[in-house]
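To start, the structure itself, in structure tokens.
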Amino acid sequence: MVSLSSDYVVGSLRRAVATAQNGLEVVRLGGLETGATPSPFQIVERAPMYRLRRYFPDAAPDQAGPPIVLVPPMMMSADVYDVTRDQGAVGILHEMGIDPWVVDFGSPDTEEGGWDRTLADHIVAISEIIDLVHEHTGRDVHLSGYSQGGMFCYQAAAFRRCRNIASLITFGAPVDTLAALPFNIPEGIATKAADVLADHVFNRLSIAGWMARTGFQLLDPVKTAKSRLDFLRQLHDREALLPREQQRRFLAQDGWVAWSGPAVAELLKQFIVHNRMMTGGFVIKDTPVSLAEITCPVLAFVGEVDDIGQPLAVRGIKRAAPRAEAFESTLRAGHFGLVVGSAAAARTWPTTGQWVRWREGTGPRPDTVDAMIHDEPSGTDSGVSIANRLAHTVASIAEVGVGVGKGIADLATDTVRGTRELSVEAARALPRLARLGQLQPHSRISLGLLLAEQGRKAANGEFFLFDDRVHTNAAVNTRIDNVVRGLIHAGIRPANHVGVLMETRPSALVAIAALSRLGAVAALLPPGGDLDEAVRLGGVDRILVDPDHLEDAVATGKKVLVLGGGEFRGLDVELGPDVVDLEQVDPDAVTLPGWYRPDPGLARELAFVIFSGSRGSLEAKFITNYRWALSAFGTASAASLSRGDTVYCLAPLHHSSGLMATLGGAVAGGSRIALSRGLDPERFAEEIHRYGVTVVSYTWTMLREILDAKLLPLEHGHPVRLFIGSGMPPGLWRRTTERFAPAQVLEFYASTEGDVVLVNVSGAKVGSKGRPLPGSAEVRLGAYDPIEGRLLEDAQGFVRECEDEEVGLLLGRPGARAEAVPGVMRGVFAAGDAWVPTENLFRRDADGDYWLVDHKRTVVAAARGPVFTQPIVDALGEMPQVELAVAYPVPAGESHVAVAAITVHEGRVPSAAEIGAALGQLPIEQCPDIVHVVDRIPLGASYRPRASELQAAGLPKPSVRAWYLEVDTGRYKRLTKATAATFGDPSAKPGGVPA
Numbered sequence: 000m001v002s003l004s005s006d007y008v009v010g011s012l013r014r015a016v017a018t019a020q021n022g023l024e025v026v027r028l029g030g031l032e033t034g035a036t037p038s039p040f041q042i043v044e045r046a047p048m049y050r051l052r053r054y055f056p057d058a059a060p061d062q063a064g065p066p067i068v069l070v071p072p073m074m075m076s077a078d079v080y081d082v083t084r085d086q087g088a089v090g091i092l093h094e095m096g097i098d099p100w101v102v103d104f105g106s107p108d109t110e111e112g113g114w115d116r117t118l119a120d121h122i123v124a125i126s127e128i129i130d131l132v133h134e135h136t137g138r139d140v141h142l143s144g145y146s147q148g149g150m151f152c153y154q155a156a157a158f159r160r161c162r163n164i165a166s167l168i169t170f171g172a173p174v175d176t177l178a179a180l181p182f183n184i185p186e187g188i189a190t191k192a193a194d195v196l197a198d199h200v201f202n203r204l205s206i207a208g209w210m211a212r213t214g215f216q217l218l219d220p221v222k223t224a225k226s227r228l229d230f231l232r233q234l235h236d237r238e239a240l241l242p243r244e245q246q247r248r249f250l251a252q253d254g255w256v257a258w259s260g261p262a263v264a265e266l267l268k269q270f271i272v273h274n275r276m277m278t279g280g281f282v283i284k285d286t287p288v289s290l291a292e293i294t295c296p297v298l299a300f301v302g303e304v305d306d307i308g309q310p311l312a313v314r315g316i317k318r319a320a321p322r323a324e325a326f327e328s329t330l331r332a333g334h335f336g337l338v339v340g341s342a343a344a345a346r347t348w349p350t351t352g353q354w355v356r357w358r359e360g361t362g363p364r365p366d367t368v369d370a371m372i373h374d375e376p377s378g379t380d381s382g383v384s385i386a387n388r389l390a391h392t393v394a395s396i397a398e399v400g401v402g403v404g405k406g407i408a409d410l411a412t413d414t415v416r417g418t419r420e421l422s423v424e425a426a427r428a429l430p431r432l433a434r435l436g437q438l439q440p441h442s443r444i445s446l447g448l449l450l451a452e453q454g455r456k457a458a459n460g461e462f463f464l465f466d467d468r469v470h471t472n473a474a475v476n477t478r479i480d481n482v483v484r485g486l487i488h489a490g491i492r493p494a495n496h497v498g499v500l501m502e503t504r505p506s507a508l509v510a511i512a513a514l515s516r517l518g519a520v521a522a523l524l525p526p527g528g529d530l531d532e533a534v535r536l537g538g539v540d541r542i543l544v545d546p547d548h549l550e551d552a553v554a555t556g557k558k559v560l561v562l563g564g565g566e567f568r569g570l571d572v573e574l575g576p577d578v579v580d581l582e583q584v585d586p587d588a589v590t591l592p593g594w595y596r597p598d599p600g601l602a603r604e605l606a607f608v609i610f611s612g613s614r615g616s617l618e619a620k621f622i623t624n625y626r627w628a629l630s631a632f633g634t635a636s637a638a639s640l641s642r643g644d645t646v647y648c649l650a651p652l653h654h655s656s657g658l659m660a661t662l663g664g665a666v667a668g669g670s671r672i673a674l675s676r677g678l679d680p681e682r683f684a685e686e687i688h689r690y691g692v693t694v695v696s697y698t699w700t701m702l703r704e705i706l707d708a709k710l711l712p713l714e715h716g717h718p719v720r721l722f723i724g725s726g727m728p729p730g731l732w733r734r735t736t737e738r739f740a741p742a743q744v745l746e747f748y749a750s751t752e753g754d755v756v757l758v759n760v761s762g763a764k765v766g767s768k769g770r771p772l773p774g775s776a777e778v779r780l781g782a783y784d785p786i787e788g789r790l791l792e793d794a795q796g797f798v799r800e801c802e803d804e805e806v807g808l809l810l811g812r813p814g815a816r817a818e819a820v821p822g823v824m825r826g827v828f829a830a831g832d833a834w835v836p837t838e839n840l841f842r843r844d845a846d847g848d849y850w851l852v853d854h855k856r857t858v859v860a861a862a863r864g865p866v867f868t869q870p871i872v873d874a875l876g877e878m879p880q881v882e883l884a885v886a887y888p889v890p891a892g893e894s895h896v897a898v899a900a901i902t903v904h905e906g907r908v909p910s911a912a913e914i915g916a917a918l919g920q921l922p923i924e925q926c927p928d929i930v931h932v933v934d935r936i937p938l939g940a941s942y943r944p945r946a947s948e949l950q951a952a953g954l955p956k957p958s959v960r961a962w963y964l965e966v967d968t969g970r971y972k973r974l975t976k977a978t979a980a981t982f983g984d985p986s987a988k989p990g991g992v993p994a
């Protein structure tokens, strides 16, 4: 008994002494001395951004093996790959015959200029390192990275389009950052918080190493507490602690480095707020980049219980890089366990070595590597299963005795999810509509003013992209101000009407904005149109032109100002008093006159003149600043445009859709604008990925060329969520939503008369123009006689309002802000009221949605009564064989014949029965008298099918591709010479068809 007691006392005393000795060593040195030495390495290259380590440099060149470059996260030391020599990445890979290289970014607090480092600096540095390693070894590089280092690898590979990269290997690197945020943080909260931190915190503050360490430990407080208690419990047993001491010391103290504030801000902005790893269009040194440009094989390690790089977020690379072969290796590990510890030594690094051998053709495919599964974000699932999470954490919780209230937090998150989504949309839309509602005739509002506001709020924000370059708000506003000085030098003053004859390029956008900033009126002349008539209608005395249209502008006899054209341009016309090159004007040498005030435009003042020539004669439409702002803020609200969107401007700026909806909506929503060099399917497919295009603008049949392309690589996904524009035929609408699923179409109707804006927000009714946009004019349909061209009155002399499904003239009620509205009618539906008639006829269905049926001047005055052309075009356009369709009147005797013309795909001419079936949805009196196939239907500058040439050719000639309507049977039959001769015969039945 005495012996037992003495042994116990001696043992306790020894334990206490050992604990005290080891504890003192930890206090003095920060940890226990293990006697371990790091793996040998040589600094091959030193640069301000990095030091490039080559491990085991004494290996013979012929035995070095394929090179692998290991990239650490921005906040972690490069020693993460060599925590222990026997279990670290570089040691294991070297033993497998791989040549390991490690990127050491150092710590910003000890490097010169470290606190000013940006995210792009890191990616450009990795790209340089790939070149260095390739040059040194003569072999393509396997690029790998952990966590944020893996994100760097993806971005660098896309930046250099996989040049000299054999494969990509990442460990817990999230790609779809919003699909599975750590700990189920709601997306709305995460993006708002990230936006605030990027704009107001990390632009002023950087993160020290101890802050990074503490932050990551707080992400898993249970595991942190458990590891510390385990360490304290075993502090007496040095031999038990030594095997894991280097790992503990690395994660608890030595492994963390500072973050530079600008790099963190850029990370939050591009990859959390805008999620541009998925959508594409993130910016590296003013160059837009998309992960869709990755073409090399990818291996992503997925931690089943990783709450930072969650499985769903990591597997996002499958959708973000559709052209790459994507593989995964899944193991039960948390975020740190993927690269440090026993699981990493037993699984991660051996699998990495086997992967490299396989890709080099010197070994089989690893058993633990599988083709990546295609995970679609569900909005509620992070990819970490409940079973895995419980299996991983329940023991830790039991040992430490800590209760976790995460389940309660998850329940609260799910409860408010629906409310959050609604509130996010409301938060975007309400401020815009409120500003619109506050505008008065004397309020200052203009395109130039909104651009200046953007420049003040976010000078370094991205405004537009063109030719793979990104232009910031500050740079664009500087360019606009310089052009303003050139215009003043050329004698332009406020309220002058200046023609703009340019293609949709950056110079056109700047020219329009500069005229707005000056207070002048931009008359947007359509290229290829009747310039002399447009100049006359628009009251133009000078023309602002790009070099491509210089000769056309000079031919009008007006003074010409040349702008744009790029660095390597040449002017075909000699300069002189009537031809001034604004690019040669030194803006610093121009003295601003006393009358100049930037952005003086008031809501009531004229801002733009646009032209419409689809009815056979050119018409000028005059747009005030208020009318432009109505479309701009309305589009931004209806399309939910935000700073995370990139709007691809296919619609020409001289068209109302391009000027008011696309440009206006993007500026009002703070979105980026992507400009292209033209409508080319191959370029379109490339740029929507590279620029991260989320919204595409269109006019009329513009998208037909895209959809008809035989090679349009969209099978593996695309970032587009919405198409916005006006005039899309229903058949093309359906094709677009099928080909670009799940993207939707947002169809607008915006009259240039009054403030009428209709929008089909839901897209449920294909072909409908929708309902009035909140903030726009109240609309009504007035009963209208299209033959006589007059409104119909009731017994009291007021215009009769149309019932549902009745065709009538659309009228808009000018608000209190409208002063002298041209064309206003008073006493229309009630005494003293005021309404502005549009040019278009509509019908309203029982749900309150409006459907365009015709322009009031193109209604066919047939012998049987009016025939409306738009329903005919829509019905024929729904046929799968039909490319384009138009309907038009042709004089025949005392009345007109309703004729429809179609073009077909690849010679697939429909039969008479198919024509009849397509038009069978219309009342027989609204069907065309003749339908014929033509080789070509001309398109206007805005891709609107034009019927004027066909109309001038008269009635179609009899052929096997022409059919007439037999009224008695309601069927279409082949048009013969005999039946063709009867059209215009007064003795024929209504419609000109013989009895």
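The sequence shown: position 234 = 233 (numbering that gives the first Met the number 0), numbered continuously.
We put the CB at the ideal spot given by N, CA and C, even for glycine.
- Counting only the Cα atoms, A193 lies some 6 Å from L267.
- Residue ranges of uninterrupted alpha helix (DSSP H) with 4 or more members, entirely inside the stretch 526 to 587 and ordered along the chain, are 530 to 537, 549 to 553.
- When DSSP states are grouped into helix, strand and coil, A370 belongs to the strand group.
- Sequence-distant Cβ neighbours of N274 in its own chain, meaning closer than 8 Å and more than five residues away, are D175, T176, L177, G643.
- Collapsing the DSSP output to three states places I316 in a helix.
- Put simply, of P287, A946, Y971, S958 the residue whose alpha carbon is nearest the alpha carbon of L464 is P287.
- In its chain, beyond the 5 residues on either side, R812, R825, G826 have a beta carbon closer than 8 Å to the beta carbon of D832.
- Straight across, the Cα-Cα distance linking D369 with L298 is about 9 Å.
- Boundaries of the beta strand (DSSP E) around W962: 961 to 965.
- F158 and L118 have their C-alpha atoms some 13 Å from each other.
- In the same chain as G762, and ignoring 5 residues on each side of it, the C-beta atoms closer than 6 Å to its own belong to Q743, V744, in chain order.
- Contact between V497 and L523 does not hold, since their C-beta atoms are separated by about 10 Å, which reaches or exceeds 8 Å.
- Note: Q41 is bridge-paired with R53 in the DSSP secondary-structure output.
- Pairing E573 with D545, the inter-Cα distance amounts to about 15 Å.
- The C-alpha of L713 is placed about 39 Å away from the C-alpha of A77.
- If the five residues before and after G171 are omitted, its C-beta is found closer than 6 Å to the C-beta atoms of S146, G302, D305, G308, H334, L337, all from its own chain and listed in chain order.
- Separation of L710 and E686 (C-alpha to C-alpha, rounded to the nearest whole angstrom) is 15 Å.
- Taking 7 Å as the cut-off, the Cβ atoms of H688 and G279 count as close.
- DSSP places S947 in the uninterrupted alpha helix (DSSP H) bounded by 947 to 951.
- As a beta-bridge residue in DSSP terms, M824 pairs with W834.
- Separation of the CB atoms of W962 and K972 is rounded to 6 Å, and the pair is thereby assigned contact status at 8 Å.
- Bounds of any alpha helix (DSSP H) do not take in T329; it lies within the beta strand (DSSP E) bounded by 325 to 330.
- One thing to note: V889 has its Cβ within 7 Å of the Cβ of V898.
- K976 sits in a helix when the DSSP states are folded into three classes.
- For D853, there is no enclosing alpha helix (DSSP H); the residue is found in the beta strand (DSSP E) stretching over 849 to 854.
- In the DSSP assignment, G864 is bridged to A861.
- Here A602 is near S442, since their CB atoms are less than 7 Å apart.
- Taking a C-beta distance under 7 Å as the contact criterion, E877 and G730 qualify as a contact pair.
- Counted as a single uninterrupted DSSP element, the beta strand (DSSP E) harbouring A897 occupies residues 894 to 903.
- In this structure, the CA atom of R478 is about 37 Å from the CA atom of G148.
- Here the C-alpha atom of H133 lies approximately 34 Å from the C-alpha atom of E461.
- The alpha-carbon of E111 is positioned some 7 Å away from that of P47.
- Taking 7 Å as the cut-off, the beta carbon of G847 is found no closer than this to the beta carbon of R799.
- Taking a contact to require three or more Cβ pairs closer than 8 Å, the stretch 632 to 643 and the stretch 669 to 684 qualify as touching.
- For T329, the CB contacts under 7 Å within the same chain, skipping 5 residues up- and downstream, are V301, E303 in chain order.
- The beta-carbon distance between Y647 and A673, rounded to whole angstroms, is 5 Å. This is short enough to meet the 8 Å contact definition.
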